[in-house]
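>
Chains as they are written, first to last, in my numbering: chain A, 1 to 329; chain B, 1001 to 1082.
1. To the nearest angstrom, how far is the alpha carbon of residue 117/A from that of residue 1036/B?
2. If you run the structure through DSSP and keep just helix, strand and coil, what is residue 219/A?
3. Quick check on this structure: which residue in 236/A, 127/A, 156/A has the alpha carbon closest to the alpha carbon of residue 213/A?
4. What residues of chain A sit near residue 1034/B, judged by a beta carbon separation below 7 Å?
5. Can you check whether the C-beta of residue 1030/B is within less than 9 Å of a C-beta belonging to chain A?
6. If you run the structure through DSSP and keep just helix, strand and coil, what is residue 105/A?
7. Buried or exposed for residue 60/A, going by 16 or more other Cβ atoms inside 10 Å?
8. Tell me residue 270/A's beta-bridge partners as DSSP assigns them.
9. Could you check what DSSP says for residue 286/A in three-state terms: helix, strand or coil?
10. Looking at the strands, I want to know which residues DSSP matches up with residue 93/A.
11. Show which residues of chain A have a CB atom less than 9 Å away from the CB atom of residue 1040/B.
12. Just the C-alpha distance for residue 45/A and residue 1009/B, rounded to the nearest angstrom, thanks.
13. Which of the three DSSP states is assigned to residue 1010/B in this structure?
14. Which bits of chain B does residue 314/A rub up against, with CB to CB less than 9 Å?
15. Assuming residue 231/A is part of the alpha helix (DSSP H), what are its boundary residues?
16. What does DSSP give as the partner residue(s) for residue 321/A in the beta ladder?
17. Does the Cβ of residue 285/A have 16 or more other Cβ atoms within 10 Å, making it buried, or fewer, making it exposed?
18. Listing by chain order, which chain A residues have their CB less than 9 Å from the CB of residue 1061/B?
19. For residue 303/A, which three-state DSSP category applies?
20. Could you tell me which chain B residues have their CB closer than 8 Å to the CB of residue 110/A, listed as they occur along the chain?
21. Would residue 1020/B pass as an interface residue toward chain A - the criterion being a Cβ-Cβ separation below 9 Å?
22. Beta carbon of residue 1066/B, beta carbon of residue 329/A: below 9 Å?
23. Just the Cα atoms here: how many angstroms apart are residue 1046/B and residue 1015/B?
24. Shortest alpha-carbon distance to residue 189/A belongs to which of 100/A, 165/A, 247/A?
25. Under the three-state reduction of DSSP, which class applies to residue 312/A: helix, strand or coil?
In structure tokens, the structure reads:
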């Protein structure tokens, strides 16, 4: 297992040699890096070679392999992010980082499936965040290394072109599946929901969760033609009878509360790709998996990467590991 | 990989049916689910045609990928078009 977490000086040195890097770390350490060919996002949690770790000093480093022909870094705003697929390379991939709770995050979450060329090119990435004790006190940021600029809103993207004969394969590992309970639909798209239809019957969703004493650590799960797509529950606003979510539900999509899982690490390793993990080039996993499954100090089958406030595999995901593999035809 | 013509009824059938396929390609799973939802919400001929076109575009752009090839083959066979 190669190391993936480095100190400031080592990362700075690699930047100055021209390496093309995707970085994750605390804002204080990312802000000290020199300008160069890198993008980054704030987060102090990682899956390192020795397991889950929280550090405000270390930086998680993903270096584009030599097989990547060209790489360009760019930024988007909430009103331009819709171009992210149209701008993607014909053969390659894009890595995107968006700050949590920013207008661009909210816009991407709701609208990505309507973007021109949606899902026609691998788009992987994550939502940057902060230490959980600093939620509401500090803002998540993304960094555009070419200028050193830190953004509280917008997206940074690295677009990578691969040579003919190779391709990027984007996939997810989600240990959650739909339980055998009620079918839940919602009358409109959104991160905050009141009304829901439970088996077709109009019900307040906050009341429903309370009445059924649902375990809110388990997500809602939709079946997208075989891909299990989670929506995680953030909190219940009892006074206003609303449920706050970490990703938007979509009108008419059928959700079910997830089936319980046993030990996360055991379940996770059982879901690892059959052809091994050595060819995985980039991956990220969810802060909720890290916290609820107590991953600090535990390894997830040798998988490394930043721990995130949301994962992106074509669209926004929750409680899921997204990973990208570069393969030969 | 032979990709059915844009005029083939295969594309409209794929986005309007509720047939389930054992798909491998994540992009195909997500996009097909999205297109079927869009058709459910707007079943006008224009909407169906737009979704059918979008599905075909994904295959055109992904036709060199083994998972996309396998998915199209499976969809054609199970859709009764082999």
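Don't be surprised by glycine CBs; every beta carbon is placed ideally from N, CA and C.
Put simply:
1. 16 Å
2. DSSP places residue 219/A in coil when its eight states are reduced to three.
3. Nearest C-alpha to residue 213/A: 236/A.
4. 113
5. Yes, its Cβ sits closer than 9 Å to a Cβ of chain A.
6. Residue state, collapsed to three classes: helix.
7. buried
8. Answer by DSSP bridge pairing: none, since residue 270/A is not bridged.
9. Strand, per DSSP.
10. 160/A
11. 252
12. 50 Å
13. Helix, per DSSP.
14. 1026, 1027, 1030, 1031
15. Following the DSSP letters along the chain, one finds residue 231/A in no alpha helix (DSSP H) but inside the beta strand (DSSP E) bounded by residues 227-231.
16. 173/A
17. buried
18. Within chain A, 90, 117, 120, 121 have C-beta atoms less than 9 Å from the C-beta of residue 1061/B, given in sequence order.
19. coil
20. Those do not exist, as residue 110/A stays about 13 Å from chain B at its closest Cβ, beyond 8 Å.
21. yes
22. yes
23. Cα to Cα, the separation comes out at about 13 Å.
24. 247/A
25. If DSSP states are grouped into helix, strand and coil, residue 312/A belongs with the strands.
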